[in-house]
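Asker:
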Amino acid sequence: FFSLQMYGKWYDIAIGTTCTWMKDYKEKFSMGTLVLGPGPSSNQISTASTRLRQGDCTEVSGEYQKTSTPGKYTYYNPKWDVSIQSYVLRTNYEEYAVILMKKKSTFGPSTTLKLYGMSPEVREDLIEAFQQLATELGIPEDSIFILANRGECIPQDTATSPQRARRAVLPPEEGSAAGPLPTYTGNKEGTSR
Numbered sequence: 001f002f003s004l005q006m007y008g009k010w011y012d013i014a015i016g017t018t019c020t021w022m023k024d025y026k027e028k029f030s031m032g033t034l035v036l037g038p039g040p041s042s043n044q045i046s047t048a049s050t051r052l053r054q055g056d057c058t059e060v061s062g063e064y065q066k067t068s069t070p071g072k073y074t075y076y077n078p079k080w081d082v083s084i085q086s087y088v089l090r091t092n093y094e095e096y097a098v099i100l101m102k103k104k105s106t107f108g109p110s111t112t113l114k115l116y117g118m119s120p121e122v123r124e125d126l127i128e129a130f131q132q133l134a135t136e137l138g139i140p141e142d143s144i145f146i147l148a149n150r151g152e153c154i155p156q157d158t159a160t161s162p163q164r165a166r167r168a169v170l171p172p173e174e175g176s177a178a179g180p181l182p183t184y185t186g187n188k189e190g191t192s193r
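Note that the UniProt record's numbering numbers the sequence shown so that position 64 is 64, with each residue one more than the last.
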């Protein structure tokens with residue numbers, strides 16, 4: 001296995017998963033990209049995943065740890081308490097890659113198999129082989145789906161993304177209950193009869 005040959009841009013072609021949430025929303029998923037490159041240290045690989053999410057183009061990036069097993073990587077996100085073991089099961093480095101992800105989270109374990117292509121379209125026999133492998137791994141047929149190609153999305157630069165509107169600050173004399181209370185001039189007794 002040659003991890004350097006995996007570096008570059010890959011397109012999400014198909015997914016097979018035991019994750020019920022992904023199965024329930026599979027029609028909302030569309031093709032995205034995965035860019036692999038060298039990590040901050042020699043025992044890491046950097047990832048940047050770009051996809052349309054609720055009409056916006058989003059990018060999620062992170063670093064996977066290399067392991068002593070060639071083609072096996074681990075990832076942990078402490079914010080969501082999610083750990084992922086990823087395995088590059090099959091690849092010819094220039095056309096396709098099949099990656100298996102075993103995920104453990106507070107929602108329980110799940111298995112996801114992904115087919116990636118170096119271009120947005122791959123040969124039909126690769127898709128058929130992917131579907132067969134997914135069923136052999138125990139993924140139900142109704143949880144294996146080809147992602148719709150809606151065109152590549154480019155995330156907006158964070159510096160130009162719209163900011164939330166800020167409220168105007170009132171001048172000090174119009175502020176809330178700051179300062180002394182006015183003197184009470186009404187009748188203290190008998191006002192609630």
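Virtual Cβ for every residue (Gly too), placed ideally from N, Cα, C. All values reported here derive from a predicted model rather than from experimental measurement.
Hey, would you say residue 20 sits closer than 7 angstroms to residue 111, going by beta carbons?
Answerer: No, the Cβ-Cβ distance between residue 20 and residue 111 is not below 7 angstroms.
Asker: Would you report the Cα separation of residue 27 and residue 5, rounded to the nearest angstrom?
Answerer: Straight-line Cα distance between these residues: approximately 32 angstroms.
Asker: Hey, out of 101, 147 and 62, whose CA is closest to residue 72's CA?
Answerer: Looking at the Cα atoms, 101 is the closest of the given residues.
Asker: Where are the alpha helix (DSSP H) runs, 4 residues long or more, that stay fully inside the UniProt domain "Lipocalin/cytosolic fatty-acid binding" (8-150), in chain order?
Answerer: Listed in chain order, they are 20-24 and 124-136.
Asker: Does the contact criterion of 3 or more C-beta pairs under 8 angstroms hold for the region 137-154 versus the region 22-38?
Answerer: Short answer: they touch.
Asker: Is there a C-beta anywhere in chain B that falls below 7 angstroms from the one on residue 14?
Answerer: Protein chains in the displayed structure number just one, and chain B is not present.
Asker: What three-state label does DSSP hand residue 5 in the structure shown?
Answerer: Residue 5 falls in the helix class under three-state DSSP.
Asker: Just the Cα atoms here: how many angstroms apart are residue 37 and residue 92?
Answerer: Roughly 17 angstroms separates the two Cα atoms.
Asker: In its own chain, which residues sit with a C-beta less than 7 angstroms from the C-beta of residue 48, not counting the 5 before and 5 after it?
Answerer: These residues qualify, in order along the chain: 35, 59 and 61.
Asker: Using only alpha-carbon positions, find the residue among 68, 116 and 85 that is nearest to residue 42.
Answerer: Checked all of 68, 116 and 85; the closest Cα to residue 42 is 68.
Asker: Would you call residue 138 buried or exposed, if buried means 16 or more other Cβ atoms sit within 10 Å of its Cβ?
Answerer: Classification for residue 138: exposed.
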